[in-house]
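S.K.: Keeping their order, the protein sequence lines are chains A and B.
As numbered in our numbering, the first sequence has no gaps in its residue numbers, which increase by one up to the final residue, 145.
As numbered in our numbering, the second sequence has no gaps in its residue numbers, which increase by one up to the final residue, 1213.
Think of the CB as a built atom: it goes at the ideal place given N, C-alpha and C, for glycine as much as any other residue.
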Amino acid sequence: MKLSPSFKRSLWVFHFNAGSCNGCDIEIVATITPRYDPERFGVRLVGSPKHADVLLVTGPVTKKMAPRLRRVYEQMPSPKVVICIGTCGQSGGVFYDSYNLDGPVDEIIPVDVYVPGCAPRPEAIIHGVVTALTKLERIEGGEK
Amino acid sequence: MDFTATLFTGTGFWNPIIWILAFVITSIVAYLIWRSGVSTYQKGTEQVKPYLSGNAEPEKSAVHIGGGNLYWGFTEGLKGYYSRLVPLHTGDLNDYMLWYFGVIIAVFALVVIFL
Chain A
2 MKLSPSFKRS LWVFHFNAGS CNGCDIEIVA TITPRYDPER FGVRLVGSPK HADVLLVTGP
62 VTKKMAPRLR RVYEQMPSPK VVICIGTCGQ SGGVFYDSYN LDGPVDEIIP VDVYVPGCAP
122 RPEAIIHGVV TALTKLERIE GGEK
Chain B
1099 MDFTATLFTG TGFWNPIIWI LAFVITSIVA YLIWRSGVST YQKGTEQVKP YLSGNAEPEK
1159 SAVHIGGGNL YWGFTEGLKG YYSRLVPLHT GDLNDYMLWY FGVIIAVFAL VVIFL
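See the structure below:
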């Protein structure tokens, strides 16, 4: 994979739980442990969407979380990329016909990268983040 | 008088040229720091509002206590007392006269009954 030099800073990621069972969140936490250590490449979780380049969304998006997800997405500066982690965010998963769902994620905000799995392994999440990084590079390089 | 001359006061010195240079250098450094910020923030959107875990920013009046309300702690601590007392103060003289006559009648009644 060849990266363009247009994205010149570390990739900062914000994690948003939109009603997940915490399975995907645990895998995200596993991803940032020393075993995988993405921080050596500058990839780190940040505490505010206003500092982030990438939004990691887990969960099928409940009715209560939908407006909050919209607001968090709007608070991120451009360019921004959204990664949907796990099956629930893509289809609702086992909660697909639940009464309190507004999701899946791409019905609330635009999604750029999907990482399927229940829950996806850290390797898959890292692959998704790298895919997001290539998209950000293309956006900063001028591609629409 | 030479405006560019250095004035020695015994405890320091004053030179307008140095002050102007310091001001210019500080302004340049401040501009460089400002320019290195995120330029894609859009005014008038959610991006300029505080991040409150995704919650909407509440009205300032709902979360701020005005500086003029110095008695807030006092009234909050005596809320049970004030919640009963304040509604009685209607500002209507007829209400106050009714209270007056009511209390006077009650006192007379007590005096007549017990004395």
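Roughly how many whole angstroms lie between the Cα atoms of residue 122(A) and residue 1153(B)?
M.R.: Position 121 of the first sequence holds residue 122(A). Position 55 of the second sequence holds residue 1153(B). Using only the alpha carbons, I get a separation of about 30 Å.
S.K.: Name the chain B residues whose beta carbon is nearer than 8 Å to that of residue 73(A)?
M.R.: For this step, residue 73(A) is matched to residue 72 along the first sequence. Chain B residues near residue 73(A): 1149, 1152.
S.K.: Going by the beta-carbon positions, is the gap between residue 102(A) and residue 84(A) smaller than 7 Å?
M.R.: Numbered from its first residue, the first sequence carries residue 102(A) at position 101. Numbered from its first residue, the first sequence carries residue 84(A) at position 83. Their beta carbons are not under 7 Å apart, which means residue 102(A) does not touch residue 84(A) by this criterion.
S.K.: Roughly how many angstroms lie between the CA atoms of residue 1151(B) and residue 69(A), to the nearest whole one?
M.R.: Numbered from its first residue, the second sequence carries residue 1151(B) at position 53. Numbered from its first residue, the first sequence carries residue 69(A) at position 68. If you take the alpha carbons of residue 1151(B) and residue 69(A), they lie about 8 Å apart.
S.K.: According to a CB-to-CB cut-off of less than 7 Å, which residues of the segment 46-66 of chain A neighbour chain B?
M.R.: Per Cβ criterion, the list reads 49, 50, 51.
S.K.: Give the residues from the segment 76-87 of chain A that approach chain B closer than 7 Å (Cβ to any Cβ), ordered along the chain.
M.R.: Cβ contacts with chain B: 76, 78, 79.
S.K.: Please identify, using Cβ separations under 7 Å, the residues of the segment 1119-1146 of chain B that lie next to chain A, in order along the chain.
M.R.: Residues passing the 7 Å Cβ filter: 1136, 1138, 1139, 1143, 1144, 1145.
S.K.: CA-CA distance, residue 42(A) and residue 119(A)?
M.R.: Stepping through the first sequence from its first residue, residue 42(A) is reached at position 41. Stepping through the first sequence from its first residue, residue 119(A) is reached at position 118. Spanning the two alpha carbons is a distance of roughly 26 Å.
S.K.: Report yes if the CB atom of residue 61(A) is closer than 7 Å to the CB atom of residue 104(A), and no otherwise.
M.R.: The count along the first sequence starts at 1 and reaches residue 61(A) at position 60. The count along the first sequence starts at 1 and reaches residue 104(A) at position 103. Yes, these two residues count as a Cβ contact at 7 Å.
S.K.: On the CB-based measure, 16 or more other CB atoms within 10 Å of its CB, does residue 1102(B) come out buried or exposed?
M.R.: Start at 1 with the first residue of the second sequence, and residue 1102(B) comes out as number 4. Classification of residue 1102(B): exposed, given that the 10 Å Cβ count is below 16.
S.K.: Is it buried or exposed, residue 21(A), if we count other Cβ atoms within 10 angstroms and call 16 or more buried?
M.R.: Mapped onto the first sequence, residue 21(A) falls at position 20. It counts as buried.
S.K.: Flag this pair as touching only if the segment 13-33 of chain A and the segment 1123-1135 of chain B have three or more C-beta atom pairs under 8 Å; answer yes or no.
M.R.: No, they do not touch.
S.K.: List the residues that DSSP assigns as beta-bridge partners of residue 89(A).
M.R.: The residue you call residue 89(A) lines up with position 88 of the first sequence. Note: residue 89(A) sits in no beta bridge, so no partner.
S.K.: On the DSSP bridge assignment, give the partners of residue 56(A) in chain order.
M.R.: Your numbering for residue 56(A) matches position 55 in the first sequence. Note: residue 56(A) sits in a beta bridge opposite 15(A), 83(A).
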